[in-house]
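Line by line, the protein sequences give chains A and B.
Under our numbering, the first residue of the first sequence carries the number 1, and numbering increases by one thereafter.
Under our numbering, the first residue of the second sequence carries the number 1, and numbering increases by one thereafter.
Ideal Cβ positions, reconstructed from N, Cα and C, are used throughout, including at glycine.
Some notes on the structure that comes next.
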Amino acid sequence: MVQLFDGVDTYTVILFITLAVMITLLVFSMIPRRTGQQGKPSIKTLIKCVDGHEVEREFSRGDYVGKKVKCPQCGKEAVVMAIYIKRDQQPGKP
Amino acid sequence: MAGEDWTSTLLVLLILSSFLLNFTDIPQRIQLWRWSSYIRKRIIQLFEIEQDARRKAVKYLSEQGLKDPGKAIDDFVDNYFLISPVSLEPTDIIRRLRHLIRERNKSVKAYVREVFPDASEEVRQNAEVMFEIVSVLVLINKIVKHYFQLGLKYSNWILMMQLALEMPMIVRLAKTYDDAMDSFASGTPVGDGAGPLAVRYLLSFDVPEREVAEETLVLEGTVEGRKVLAIKAKGPGSSVGYPGEALRKVVEEVGRVSAIITVDAALKLESEETGEVSYGVGAAIGDPGPEKIEMERVAAEKGVPLYAVVIKMSEEDAITTMSEEIVKGVKKAVDIIKEIIRKLPPEEPVIVVGVGNTIGIR
Ligand SMILES: [Zn+2]
Chain A
1 MVQLFDGVDT YTVILFITLA VMITLLVFSM IPRRTGQQGK PSIKTLIKCV
51 DGHEVEREFS RGDYVGKKVK CPQCGKEAVV MAIYIKRDQQ PGKP
Chain B
1 MAGEDWTSTL LVLLILSSFL LNFTDIPQRI QLWRWSSYIR KRIIQLFEIE
51 QDARRKAVKY LSEQGLKDPG KAIDDFVDNY FLISPVSLEP TDIIRRLRHL
101 IRERNKSVKA YVREVFPDAS EEVRQNAEVM FEIVSVLVLI NKIVKHYFQL
151 GLKYSNWILM MQLALEMPMI VRLAKTYDDA MDSFASGTPV GDGAGPLAVR
201 YLLSFDVPER EVAEETLVLE GTVEGRKVLA IKAKGPGSSV GYPGEALRKV
251 VEEVGRVSAI ITVDAALKLE SEETGEVSYG VGAAIGDPGP EKIEMERVAA
301 EKGVPLYAVV IKMSEEDAIT TMSEEIVKGV KKAVDIIKEI IRKLPPEEPV
351 IVVGVGNTIG IR
């Protein structure tokens with residue numbers, strides 16, 4: 001039998017290497033995979049007035065598309081054009 | 001020497017383990033045990049999602065003045081199912097299905113009115129959706145538990161494995177429904193509202209409108225020099241209306257039309273982007289059948305072209321608060337509709353049908 005070191009034969013070495021590989025694999029399989037974290041979403045309300053100002057503000061309860069409101073810029077008649085969720089842009093993600 | 005001992009021990013181990021792996025069910029048993037503990041964790045997660053949705057519904061309903069929302073939800077869940085009509089003999093199946101769907105809708109509405117008599121129409125419509133969402137989550141949980149327990153009962157490891165592999169998708173779906181609860185509670189438009197929003201962007205918020213079918217409006221305006229009659233559900237409460245019935249009524253009123261254009265949200269493929277727009281021919285609507293067939297029939301009877309413009313999105317996008325990409329998609333869809341209208345003869349009116357849930361959109 002081949003002796004690599006004193007008192008340690010090849011089989012023992014192979015056994016320990018195999019064990020180490022298996023434990024590593026097991027540990028890696030147990031770590032939960034992180035899915036692509038998206039930026040914190042916020043809901044916005046887009047308001048457009050008769051003068052053409054477009055203002056985006058935070059959504060407040062009771063808003064709906066087509067609701068008549070006052071323009072936050074000039075105070076004239078305006079309408080809610082859209083309500084949508086906006087995710088903070090994340091750099092480096094396709 | 002120590003080496004020879006090792007050799008014989010390893011050899012014995014190898015033969016023994018090969019015997020265990022090949023001639024017993026032990027590996028499958030281990031797999032069964034592993035998959036089932038995985039599923040058990042996911043079932044707990046599903047239960048938490050259900051509880052969360054229930055909490056949200058209770059919170060919204062008690063804020064709106066409902067005294068015992070927990071009981072109202074419990075009485076709704078498990079009831080109000082719909083049994084599909086016999087399809088072995090398909091004669092008048094659409095008529096039967098339409099009848100069943102309408103009767104179900106009616107009884108759901110009656111139930112909500114009964115438990116929630118003082119609420120406004122809009123709140124009642126939103127409450128209806130919340131009841132339905134809790135109902136769906138309860139159903140998902142029950143079905144998962146059913147297969148899980150069957151798998152355990154008969155040690156059916158293939159069933160267990162299949163279920164375990166499906167679990168991530170099921171949990172995601174349940175989470176989506178839970179998120180949808182927030183959208184319906186806050187009254188924000190959802191992705192499925194792309195159709196009604198397109199109608200509003202095509203015409204405007206000031207055009208004359210009237211209710212032509214239950215919870216369904218027809219708007220009148222002019223686009224590119226052509227008269228446009230646009231159909232959408234009545235908002236801003238949660239409703240999809242009856243676009244098929246409305247279309248028939250409108251076409252019969254005006255007599256001759258140059259085209260019918262349907263616009264709706266469509267399920268995207270995994271590789272497609274949310275908010276992509278494409279167009280084709282046919283009725284863009286995802287109902288169980290009655291409304292869609294009505295549209296096809298009207299178009300075929302009158303010999304009118306039936307166009308479809310769709311805004312692509314995932315199921316998650318469709319039932320949760322509309323994303324910015326979808327709003328952009330709606331604008332693109334409106335441009336395409338205008339393009340189609342421009343090519344039509346100017347004498348006859350065009351009908352545009354905005355299909356989808358109009359929550360948060362007047
Ligand atoms: Zn202004």
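Following the continuous alpha helix (DSSP H) through residue i, name the residue where it begins and the one where it ends.
| i | result |
| --- | --- |
| residue 294(B) | 290 to 302 |
| residue 339(B) | 324 to 342 |
| residue 374(B) | No answer is possible for residue 374(B): it lies beyond the span of chain B, which begins at 1 and ends at 362. |
| residue 26(A) | 10 to 30 |
| residue 101(B) | 93 to 115 |
| residue 36(B) | 26 to 63 |
| residue 75(B) | 69 to 76 |
| residue 369(B) | Nothing can be reported for residue 369(B), as the shown portion of chain B is limited to 1 through 362. |
| residue 318(B) | 315 to 319 |
Identify which residue in the options has its Cα closest to the Cα of residue i.
| i | options | result |
| --- | --- | --- |
| residue 355(B) | 273(B), 320(B), 261(B) | 261(B) |
| residue 145(B) | 40(B), 128(B), 57(B), 201(B) | 40(B) |
| residue 72(A) | 60(A), 53(A), 85(A), 65(A) | 53(A) |
| residue 337(B) | 76(B), 203(B), 121(B) | 203(B) |
| residue 63(B) | 126(B), 268(B), 289(B) | 126(B) |
| residue 344(B) | 226(B), 241(B), 311(B) | 226(B) |
| residue 216(B) | 66(B), 235(B), 154(B), 107(B) | 235(B) |
| residue 359(B) | 136(B), 176(B), 183(B) | 183(B) |
| residue 80(B) | 55(B), 134(B), 25(B), 57(B) | 134(B) |
| residue 50(B) | 176(B), 266(B), 278(B) | 176(B) |
| residue 60(B) | 107(B), 342(B), 316(B), 116(B) | 116(B) |
| residue 206(B) | 10(A), 13(A), 79(A) | 79(A) |
| residue 42(B) | 10(B), 142(B), 124(B), 68(B) | 142(B) |
| residue 61(A) | 118(B), 210(B), 283(B), 187(B) | 187(B) |
| residue 315(B) | 16(B), 267(B), 287(B), 119(B) | 267(B) |
| residue 288(B) | 11(B), 82(B), 20(B), 152(B) | 82(B) |
| residue 327(B) | 239(B), 196(B), 282(B), 210(B) | 196(B) |
| residue 318(B) | 265(B), 308(B), 213(B) | 265(B) |
| residue 178(B) | 21(B), 94(B), 52(B) | 52(B) |
| residue 339(B) | 279(B), 200(B), 348(B) | 279(B) |
| residue 81(A) | 28(A), 74(A), 44(A), 75(A) | 44(A) |
| residue 131(B) | 47(B), 54(B), 106(B) | 54(B) |
| residue 92(B) | 25(B), 13(B), 290(B), 161(B) | 290(B) |
| residue 211(B) | 201(B), 245(B), 76(B) | 245(B) |
Where do the ends of the beta strand (DSSP E) carrying residue i lie?
| i | result |
| --- | --- |
| residue 244(B) | Segment 243 to 254 is the alpha helix (DSSP H) holding residue 244(B); no beta strand (DSSP E) there. |
| residue 56(A) | 54 to 58 |
| residue 216(B) | 216 to 223 |
| residue 361(B) | Unbroken run through residue 361(B): none, as it is neither H nor E. |
| residue 280(B) | 277 to 281 |
| residue 42(A) | 41 to 49 |
| residue 273(B) | Run containing residue 273(B): none; DSSP gives neither H nor E here. |
| residue 66(B) | Counting along the chain, residue 66(B) falls outside any beta strand (DSSP E), and DSSP gives it neither H nor E. |
| residue 61(A) | Run containing residue 61(A): none; DSSP gives neither H nor E here. |
| residue 261(B) | 259 to 267 |
| residue 229(B) | 226 to 233 |
| residue 213(B) | 209 to 213 |
| residue 84(A) | 77 to 87 |
| residue 86(B) | Neither: residue 86(B) is in no beta strand (DSSP E) and is coded neither H nor E. |
Please look up how many angstroms separate the CB atoms of residue i and residue j, rounded, as I've assumed it's under 8 Å.
| i | j | result |
| --- | --- | --- |
| residue 31(A) | residue 63(A) | About 43 Å separates the two Cβ atoms, so there is no contact after all. |
| residue 313(B) | residue 191(B) | 5 Å |
| residue 42(A) | residue 56(A) | With a Cβ gap of about 10 Å, residue 42(A) and residue 56(A) do not count as contacting. |
| residue 353(B) | residue 243(B) | 5 Å |
| residue 250(B) | residue 284(B) | Contact doesn't hold; Cβ gap of about 17 Å is too wide. |
| residue 362(B) | residue 67(A) | 7 Å |
| residue 329(B) | residue 275(B) | 3 Å |
| residue 366(B) | residue 349(B) | In this structure chain B extends from 1 to 362, so residue 366(B) is not present and cannot be described. |
| residue 213(B) | residue 237(B) | The pair is not a contact, with the Cβ atoms about 16 Å apart (cut-off 8 Å). |
| residue 163(B) | residue 147(B) | 5 Å |
| residue 308(B) | residue 281(B) | 6 Å |
| residue 181(B) | residue 57(B) | 7 Å |
With 9 Å as the threshold, decide whether the Cβ of residue i is near any Cβ in chain C.
| i | result |
| --- | --- |
| residue 57(A) | Absent here is chain C; the protein component of the structure consists of chains A and B. |
Would you be able to state if there are at least three C-beta pairs under 8 Å between the stretch 40 to 49 of chain A and the stretch 210 to 220 of chain B? no
Taking contact to mean 3 or more Cβ pairs, one atom from each stretch, closer than 8 Å, check whether the stretch 301 to 311 of chain B and the stretch 241 to 261 of chain B are in contact. yes
Please specify which runs of the alpha helix (DSSP H), each continuous and at least 4 residues long, are wholly inside the stretch 120 to 154 of chain B, giving them in chain order. 121 to 153
Inspect the CB distances between the stretch 318 to 326 of chain B and the stretch 179 to 199 of chain B and report whether three or more fall short of 8 Å. yes
Validate contact between the stretch 26 to 38 of chain B and the stretch 109 to 122 of chain B using beta carbons, cut 8 Å, 3 pairs: no
Determine, using beta-carbon pairs with one atom in the stretch 326 to 336 of chain B and one in the stretch 159 to 175 of chain B, whether at least three such pairs fall under 8 Å. no
Contact the stretch 143 to 157 of chain B vs the stretch 25 to 32 of chain B: 3+ CB pairs below 8 Å: yes
Could you tell me whether the stretch 279 to 298 of chain B touches the stretch 93 to 111 of chain B, where touching means 3 or more Cβ pairs closer than 8 Å? yes
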